[in-house]
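Single-structure report; data block below.
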Amino acid sequence: MNVKINEEEGKAFVKLEGRLDTTNADQFLKDITPLMEGAQKEIDIDCTDMEYTSSQGLRMFLMLQKTVSARGARLMLHNMKPHVKEVFDITGFSHIITIL
Amino acid sequence: MVLGRKTIANRLSRYVLLISAGLLLVVTLLVGIFSREIIEGGSTEIAGKSLDLAISDIEKVIGEVERAVDNVDWFVQRQPGNRKFMYEATRELVTANPNIIGSAVAFEPGYFRGERWFAPYTYVDAETGEIRSIQMGNDSYDYHQLEWYRVPRLLDRAMWSEPYFDEGGGGQQMATFSLPLKDTTGHFFGILTSDISLDWLSSRINETSPYALSYAALVSAKGIFIAHPDSTRILNMSIFDVAAESGDADMLAIAEEMVSGKKGFKTFHNGERFAVYGPLSNGWSLLVVNSYDVVFMDIFLFNLWMVFFLLIGLAGLYFGCRKVIRRQTMPLVEFSQAAMTMGKGNFQAMIPEVKTKDELASLRKSLEYMQWSINDYIRELKSTTASNERYESELNIARGIQMGMLPHNFPEMTGCSLHAMVQPAKEVGGDMYDFVDAGDCLYFMVGDVSGKGVPAALFMAIARAAFRFVGAMGLPMAEVMQRVNNSLCDGNDNMMFVTLFAGCLDRKKGTLTYCNAGHNPILVVPPEGKARFLQAKPNLAAGLMLDFPYEEECIPLQKGSRLILYTDGVTEAERADMEQFGEQRLLDWADSLNPDVSAHAAMLSLYSRVKEFIRGVAQNDDITIVSVLYDN
Numbered sequence: 001m002n003v004k005i006n007e008e009e010g011k012a013f014v015k016l017e018g019r020l021d022t023t024n025a026d027q028f029l030k031d032i033t034p035l036m037e038g039a040q041k042e043i044d045i046d047c048t049d050m051e052y053t054s055s056q057g058l059r060m061f062l063m064l065q066k067t068v069s070a071r072g073a074r075l076m077l078h079n080m081k082p083h084v085k086e087v088f089d090i091t092g093f094s095h096i097i098t099i100l
Numbered sequence: 101m102v103l104g105r106k107t108i109a110n111r112l113s114r115y116v117l118l119i120s121a122g123l124l125l126v127v128t129l130l131v132g133i134f135s136r137e138i139i140e141g142g143s144t145e146i147a148g149k150s151l152d153l154a155i156s157d158i159e160k161v162i163g164e165v166e167r168a169v170d171n172v173d174w175f176v177q178r179q180p181g182n183r184k185f186m187y188e189a190t191r192e193l194v195t196a197n198p199n200i201i202g203s204a205v206a207f208e209p210g211y212f213r214g215e216r217w218f219a220p221y222t223y224v225d226a227e228t229g230e231i232r233s234i235q236m237g238n239d240s241y242d243y244h245q246l247e248w249y250r251v252p253r254l255l256d257r258a259m260w261s262e263p264y265f266d267e268g269g270g271g272q273q274m275a276t277f278s279l280p281l282k283d284t285t286g287h288f289f290g291i292l293t294s295d296i297s298l299d300w301l302s303s304r305i306n307e308t309s310p311y312a313l314s315y316a317a318l319v320s321a322k323g324i325f326i327a328h329p330d331s332t333r334i335l336n337m338s339i340f341d342v343a344a345e346s347g348d349a350d351m352l353a354i355a356e357e358m359v360s361g362k363k364g365f366k367t368f369h370n371g372e373r374f375a376v377y378g379p380l381s382n383g384w385s386l387l388v389v390n391s392y393d394v395v396f397m398d399i400f401l402f403n404l405w406m407v408f409f410l411l412i413g414l415a416g417l418y419f420g421c422r423k424v425i426r427r428q429t430m431p432l433v434e435f436s437q438a439a440m441t442m443g444k445g446n447f448q449a450m451i452p453e454v455k456t457k458d459e460l461a462s463l464r465k466s467l468e469y470m471q472w473s474i475n476d477y478i479r480e481l482k483s484t485t486a487s488n489e490r491y492e493s494e495l496n497i498a499r500g501i502q503m504g505m506l507p508h509n510f511p512e513m514t515g516c517s518l519h520a521m522v523q524p525a526k527e528v529g530g531d532m533y534d535f536v537d538a539g540d541c542l543y544f545m546v547g548d549v550s551g552k553g554v555p556a557a558l559f560m561a562i563a564r565a566a567f568r569f570v571g572a573m574g575l576p577m578a579e580v581m582q583r584v585n586n587s588l589c590d591g592n593d594n595m596m597f598v599t600l601f602a603g604c605l606d607r608k609k610g611t612l613t614y615c616n617a618g619h620n621p622i623l624v625v626p627p628e629g630k631a632r633f634l635q636a637k638p639n640l641a642a643g644l645m646l647d648f649p650y651e652e653e654c655i656p657l658q659k660g661s662r663l664i665l666y667t668d669g670v671t672e673a674e675r676a677d678m679e680q681f682g683e684q685r686l687l688d689w690a691d692s693l694n695p696d697v698s699a700h701a702a703m704l705s706l707y708s709r710v711k712e713f714i715r716g717v718a719q720n721d722d723i724t725i726v727s728v729l730y731d732n
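Chains as they are written, first to last, in the working numbering: chain G, 1 to 100; chain Y, 101 to 732.
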């Protein structure tokens, strides 16, 4: 899983590439730590090239959502591939994470 | 290490040998060149000295002859007219002087009592060696006309004749010294002669030749050979003939210098030979010829010997070097053996001692350090392995406890049957299932905890306990789910969650009430017709949001229907080419299923279908299947 983060005027633009599974979930958590500890008001995650997420990965998104909400910021995921979106839907994560 | 051709000792020795050989070659060449120059200069000197020696040798003989003749002259002057004395005088000359082979005193016509010829002659007979005396003047031998008589008389001085072959007394090649005899008034009355053999001269002058194959030759004032190793040339050839024959300008120059009485040194025959020559007092000239080939033969032989000894020396150097280097590098062999022993697993192998304080000592230090490091590492590895093993065995125990929490007995039930399995992957996962038979209702569920490992296992244990506790209360499905959810949310800072499908089969009413908390849709297989996925509101996985309003749904269920519950370990089972089992294959399997098989057989059938699909590829997630059959 490749994570690229660009910051502009209090907004973070994140691009995810590849598979997010059990083996690299911990690394992913480290990669997104700047987003969790930062002060961005808006976090925009581009999921165009995200191929897969495991339940462990879902948990990471959830933790991100929780910390971001706690500081009153917004998290948005967009351009998710249908089969990835399906995972978010089945587990009900679509209810608590904004997916555009 | 191989003690063959490819040892350091051999290689270094070869280098030493090559370098030494190269240096010695250069030295040999230089020595050769310089010694050649020295020899060349020396040869000229040697030849000059030998020439001088030979000249003085011949001069001595000639001088002796001339002095002897002079002495006799004195006596002859004092005994005029004494015939007998004349014979004796000549005899005296021959006997007293070994160099003189003949002597004559020849008188003017009429000097002795009007006799036309009177010439007593004493000679050594060439054949017998006898000394004979004769009177040689007569009609057939009119000596007054002969050169040896006529020329000195005419020139009025003592002189040496050109060499000639004497057919008279001596019968051999000779040269004659003629002294004009005069009385006290200065009146000429005869000639006193002494002959010397030329054969003798030839051998005499060649006695002193400085080099092998060099030779000496004596030429007369006209250039005719008087003495020469090749006796056929004597009197028959002149040095000019030889020069003309060879066409060698240098030789002609030598000939001219010789007849003009000069002393010199000259090379000829394209510089291959050199000649030294010098005049004698009587007008003759001595020539000594040497060949450079011969002169340099010695130096050539010397060089040959030198090369020979050098080769022997080099061979000694090579073997000596090899022995020394081999001895010096012996520790390397021992190190190599020690390393090999260590390589075979004996890390306590003795490293040989080194007495020197050089690179070998530092190599030994390195080896020692390596050995120490390896042993240290092994110690550490052993303890790590031991703790890993302990950790792993604890994990296995945990796994066993986790699996033990799931029901493994599937009792006979009225109106339905249920079988379930978890095929764990290598890593501890969080799959679970459970069922509670409570009156008309059979509660059952399947779940999948996020993540893997001990956290997942622990979370699963909590979820399963909550379900067991709540399920037995006979509550509505949504209520069951909410309570399970709330108990999981409590203190869940890590955002662990579990996807759960929980259902209640009411055998009396023939309905299925269910609630899906973010789990995969279950499969409903009617006794006739196609299998389908049960549409359900996804709600939200349990453990995430306190008091999430879970909604339940209810469908009537035909008798003979099957319910297949599973986790993503089934649909996401991956074969080698990364293709997943997927939902379509699951539907296909359900459609191909014999409607009469038991719940247990159906479960095994799906499992074997999945195993067949992944074909030996290591399973990456738990595979959990719950098979429910609603029958009479």
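Every residue gets a Cβ at the ideal spot worked out from N, C-alpha and C, and that includes glycine.
Run of the beta strand (DSSP E) containing residue i, from where it starts to where it stops
{"i": "I200 of chain Y", "result": "I200 to F207"}
{"i": "A602 of chain Y", "result": "V598 to D606"}
{"i": "R490 of chain Y", "result": "Not the beta strand (DSSP E): R490 of chain Y falls in the alpha helix (DSSP H), residues E459 to M505."}
{"i": "Q235 of chain Y", "result": "I231 to Q235"}
{"i": "L612 of chain Y", "result": "T611 to A617"}
Coil, strand or helix - residue i by DSSP
{"i": "P379 of chain Y", "result": "strand"}
{"i": "P656 of chain Y", "result": "strand"}
{"i": "V103 of chain G", "result": "This structure does not reach residue 103 of chain G, given that chain G is present from 1 up to 100, and the question cannot be answered."}
{"i": "R59 of chain G", "result": "helix"}
{"i": "V102 of chain Y", "result": "In this predicted model, V102 of chain Y has a pLDDT of only 43, less than 50, meaning its place in the structure is not dependable; the value taken from the coordinates is given anyway. Here V102 of chain Y sits in coil by DSSP."}
{"i": "W217 of chain Y", "result": "coil"}
{"i": "T429 of chain Y", "result": "coil"}
{"i": "S261 of chain Y", "result": "coil"}
{"i": "G371 of chain Y", "result": "coil"}
{"i": "G210 of chain Y", "result": "coil"}
{"i": "E7 of chain G", "result": "strand"}
{"i": "P82 of chain G", "result": "helix"}
{"i": "N390 of chain Y", "result": "strand"}
{"i": "D239 of chain Y", "result": "coil"}
{"i": "G733 of chain Y", "result": "Residue 733 of chain Y is absent from the structure shown; chain Y starts at 101 and stops at 732."}
{"i": "N2 of chain G", "result": "strand"}
{"i": "A317 of chain Y", "result": "strand"}
{"i": "R675 of chain Y", "result": "coil"}
Range covered by the alpha helix (DSSP H) that runs through residue i
{"i": "Q582 of chain Y", "result": "M577 to C589"}
{"i": "V710 of chain Y", "result": "A699 to I714"}
{"i": "L153 of chain Y", "result": "I108 to R178"}
{"i": "P555 of chain Y", "result": "G553 to G571"}
{"i": "K184 of chain Y", "result": "R183 to A196"}
{"i": "T33 of chain G", "result": "T33 to E37"}
{"i": "L352 of chain Y", "result": "A349 to V359"}
{"i": "S346 of chain Y", "result": "I339 to S346"}
Integer Cβ distance of residue i from residue j, believed to fall under 8 Å
{"i": "A316 of chain Y", "j": "I305 of chain Y", "result": "4 Å"}
{"i": "A189 of chain Y", "j": "A168 of chain Y", "result": "Actually they are not in contact, since the Cβ atoms of A189 of chain Y and A168 of chain Y sit about 11 Å apart, beyond 8 Å."}
{"i": "F597 of chain Y", "j": "G643 of chain Y", "result": "4 Å"}
{"i": "A486 of chain Y", "j": "L467 of chain Y", "result": "Wrong, their Cβ atoms sit about 28 Å apart, outside the cutoff."}
{"i": "G618 of chain Y", "j": "L588 of chain Y", "result": "At roughly 12 Å, the Cβ-Cβ gap does not stay under 8 Å, so G618 of chain Y and L588 of chain Y are not in contact."}
{"i": "L386 of chain Y", "j": "A226 of chain Y", "result": "Not confirmed; about 25 Å, so no contact."}
{"i": "L298 of chain Y", "j": "I339 of chain Y", "result": "Actually they do not touch by this definition, with Cβ atoms about 15 Å apart."}
Residues that residue i contacts on chain C, provided the C-beta gap is smaller than 7 Å
{"i": "L58 of chain G", "result": "No chain C is part of this structure, whose protein chains are labelled G and Y."}
Interface partners of residue i on chain G, CB under 9 Å
{"i": "A617 of chain Y", "result": "T91 and G92"}
Contacts of residue i in chain Y (Cβ-Cβ under 7 Å)
{"i": "L75 of chain G", "result": "Near L75 of chain G there are no residues of chain Y at all, since even the closest Cβ is about 14 Å away, more than 7 Å."}
{"i": "V66 of chain G", "result": "Residue identity differs from the one stated: residue 66 of chain G is Lys in this sequence, not Val. Chain Y residues near K66 of chain G: M595."}
{"i": "T80 of chain G", "result": "Position check: residue 80 of chain G holds Met in this sequence, whereas Thr was assumed. Residues of chain Y passing the Cβ test: none, with the nearest at roughly 16 Å."}
Residue i: contacting residues in chain G (beta-carbon distance under 8 Å)
{"i": "T766 of chain Y", "result": "Residue 766 of chain Y falls outside the range modelled here, since chain Y spans only 101 to 732, and no answer is possible."}
Under 9 Å from the C-beta of residue i: neighbouring residues of chain Y
{"i": "M63 of chain G", "result": "N594 and M595"}
Contact residues within the segment 88-99 of chain G, judged by C-beta distance below 8 Å to chain Y:
Going along the segment 88-99 of chain G in chain order, one finds D89, I90, T91, G92, F93, S94, H95 and I96 with a Cβ nearer than 8 Å to chain Y.
Tell me which residues of the segment 18-29 of chain G have at least one Cβ-Cβ distance to chain Y shorter than 9 Å, keeping chain order.
So the close ones are D21, T22 and A25.
Against chain Y, which members of the segment 27-56 of chain G pass a CB distance test of less than 7 Å?
Among the residues of the segment 27-56 of chain G, those with a Cβ less than 7 Å away from any Cβ of chain Y are S55 and Q56, in the order of the chain.
Anything in the segment 620-646 of chain Y with a Cβ closer than 7 Å to a Cβ of chain G? List those residues in chain order, please.
Going along the segment 620-646 of chain Y in chain order, one finds N620, P638, N639, L640, A641, L644 and M645 with a Cβ nearer than 7 Å to chain G.
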